[in-house]
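*Asks:*
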Amino acid sequence: MNFSNEEIYSMYGQFDTFVTLEFHYNTEEFRRFGSNLMGVFLYTLEERQELEEVLKQEQVPRTDCKIKFSPSQLEKLSAENIEILDRYGIQVSSINLVSSFNRPRKNRFIEKEQKRFLTN
Numbered sequence: 001m002n003f004s005n006e007e008i009y010s011m012y013g014q015f016d017t018f019v020t021l022e023f024h025y026n027t028e029e030f031r032r033f034g035s036n037l038m039g040v041f042l043y044t045l046e047e048r049q050e051l052e053e054v055l056k057q058e059q060v061p062r063t064d065c066k067i068k069f070s071p072s073q074l075e076k077l078s079a080e081n082i083e084i085l086d087r088y089g090i091q092v093s094s095i096n097l098v099s100s101f102n103r104p105r106k107n108r109f110i111e112k113e114q115k116r117f118l119t120n
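Going by the working numbering, the residue at position 96 of the sequence shown is 96; the numbering climbs one at a time, nothing skipped.
1) Quick check on Glu-75: does DSSP put it in helix, strand or coil?
2) In chain order, what are the residue ranges of uninterrupted alpha helix (DSSP H) at least 4 long that sit wholly in the region 26-99?
3) Take every Cβ of the region 33-44, pair it with every Cβ of the region 68-87, and state whether three or more of those distances are shorter than 8 Å.
4) May I ask you to report which of helix, strand or coil DSSP gives Phe-18?
5) For Leu-77, which residues from the same chain have a beta carbon less than 6 Å from its beta carbon, with the 5 sequence-adjacent residues on both sides left out?
6) Contact check, Asn-2 vs Ile-95 under 8 Å by CB: the rounded distance?
7) Would you call the CB atoms of Thr-63 and Ser-10 closer than 8 Å?
8) Phe-41 to Thr-27, Cα distance in whole Å?
9) Shortest alpha-carbon distance to Glu-53 belongs to which of Asn-102, Phe-101, Glu-6?
10) Taking C-alpha atoms, which residue in Ala-79, Phe-69, Glu-80, Ser-93 lies nearest to Phe-18?
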């Protein structure tokens, strides 16, 4: 297993980073979505709170689970596959490589002030 749930959250998920995933050959995700998939990992408030606590531990576990994923609009996915990503997610052990732009990251979840969305 290249990544764990905790590592994905720590490096990308907590920052809502846009990523490109590359799947291990012949995994369920590879067969369903192809070799690559672009988008953002999704977490509920409860999942974020739980992972924030786990990351504070001295020994952080390496768990394999499914993480929900919001695909890029550039992806040509069926409605069924979009629903699968939203409802069930991607198996962490199916991920071979994660790529993202190297830009400053900010965990907006832990900020105390009120958040607002930017619109065009």
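We put the CB at the ideal spot given by N, CA and C, even for glycine.
*Replies:* Let's see:
1) Under the three-state reduction of DSSP, Glu-75 is assigned to coil, being neither helix nor strand.
2) 28-33, 45-55, 79-87
3) yes
4) coil
5) Pro-71
6) 6 Å
7) Not in contact: Thr-63 and Ser-10 (Cβ atoms no closer than 8 Å).
8) 19 Å
9) Ranking the options by Cα distance to Glu-53, first place goes to Glu-6.
10) Measuring from the Cα of Phe-18, the nearest candidate turns out to be Phe-69.
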